[in-house]
Amino acid sequence: MRHLLSLISGALFGIGLYLSGMTNTDKVQGFLDFFGNWDPTLAFVMGGAILPMAAAWALTHGRKPLIGGNFPERPETKFDRKLVVGAILFGMGWGLVGLCPGPALASLGFGGIGGLVFLAAMLAGMLVAPKARQMLDRA
Amino acid sequence: MIEMDWIWGLIGGLTIGCGGAVYLLGNGRIMGASGIIGGLVDGSGRHEWLDRVAFLAALIIAPALVVYASDSVAQTNLTSNIFMVVLAGFLVGLGTRIGNGCTSGHGVCGISRLSPRGIVATLVYIAAGALVVVVLRAILGGL
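Chains as they are written, first to last, in the working numbering: chain A, 1 to 139; chain B, 140 to 282.
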């Protein structure tokens, strides 16, 4: 059951990313280009995605997940260096070519060799991240 | 085409949100792309690996099938500068795992429950991305 739900969820996520135009790096970089020829599409995608998600969060109150267990706890309010440093590094990479993890995977089937190279580099970054987290904790 | 683009953005966004809602209400988990992949890469999500693989497989295959079935030509328009692709990929992988989330986890799932961390992270990565795009446009005179 849970694997089926994961499949459905992943498929909706991927198809949504494609339909929305977010697998097109020009549209993502166009959104980030606030002082140039700004493309607001990403804001509509984000807004559109937040609507059903907000409804889903509202439905979690007093209920259990379909497969059992518990819903995620209340969001943490603790801010640390890792959150900010991580977001800066991610944002820089995102702006550089216009790909983030979801669209990088969703476009793998038609993204050619460049998409594969991005994925390999992203996995490498993820592999060394635990070490970097430790360094930030100690610094 | 810009006039139609926002409608597709909204339709696609709603579809993405429904995917996140299924993941949350069904499996009780937050649909964050970087977390789902990252847990496989560094081993922290080993105990639920099949769950993650199922999600990722569908994420890769479903849009490819849509492109194939609709006979459309999908363009990612990714830069051909391989150095930039490698650098960007590394930064995205590293940053999302240090900061514990990306556009789906912090952005969609975090903002929709008014998570302060999600909201701050989203503002920071959008600002960092915008700065890079401004610099790129200034240096290269285009992308």
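Glycine is no exception: its CB is placed at the ideal position from the N, C-alpha and C atoms.
Expected contact under 8 Å - CB spacing of residue i and residue j to nearest Å
i	j	result
B/GLY159	B/MET170	4 Å
A/MET1	B/CYS248	Actually they are not in contact, since the Cβ atoms of A/MET1 and B/CYS248 sit about 21 Å apart, beyond 8 Å.
B/TYR264	A/PHE90	5 Å
B/LEU163	A/LEU51	No, B/LEU163 and A/LEU51 are not in contact; Cβ-Cβ is about 14 Å, not under 8 Å.
B/ILE199	A/LEU19	Not quite, the Cβ-Cβ distance comes to about 16 Å (not below 8 Å), so this is no contact.
Proximal residues to residue i (C-beta, below 8 Å), its chain only, five neighbours per side dropped
i	result
A/LYS64	ASN70 and PHE71
A/ARG133	LYS82
B/ILE250	GLY257, ILE258 and THR261
Span of the alpha helix (DSSP H) around residue i
i	result
B/PHE222	221 to 237
A/PHE90	81 to 97
B/THR261	255 to 279
A/GLN29	25 to 32
A/THR41	41 to 59
A/ALA139	First-last for A/ALA139: undefined, no H or E at that position.
A/ILE8	2 to 20
A/GLY102	101 to 106
Distance CB(residue i)-CB(residue j) smaller than 7 Å
i	j	result
B/VAL224	A/PHE118	yes
A/GLY93	B/LEU230	yes
B/ILE237	A/GLY115	no
B/PRO202	A/ILE15	yes
B/ARG191	A/TRP57	no
B/LEU195	A/THR25	no
A/THR23	A/PRO103	yes
A/PHE44	B/GLY148	yes
B/PRO255	A/THR77	yes
A/ALA106	A/LEU17	yes
B/GLY268	A/LEU83	no
B/ALA197	A/LEU7	yes
B/HIS245	B/GLY228	no
B/GLY156	A/ALA49	yes
A/GLY30	A/ASP39	yes
B/VAL180	A/LEU123	yes
B/VAL273	A/PHE35	yes
Proximal residues to residue i (C-beta, below 6 Å), its chain only, five neighbours per side dropped
i	result
A/PHE13	none
B/GLY177	ARG236
Beta-carbon proximity list for residue i, same chain, < 7 Å, skipping 5 on both sides
i	result
B/CYS241	GLY171, ALA172, SER173 and THR235
A/CYS100	TRP94
Which runs of the alpha helix (DSSP H) at least 4 residues long sit entirely within the region 145 to 214 of chain B? Give them in chain order. Counting only runs that start and end inside the region 145 to 214 of chain B, the alpha helix (DSSP H) elements of at least 4 residues fall at 172 to 180 and 188 to 208.
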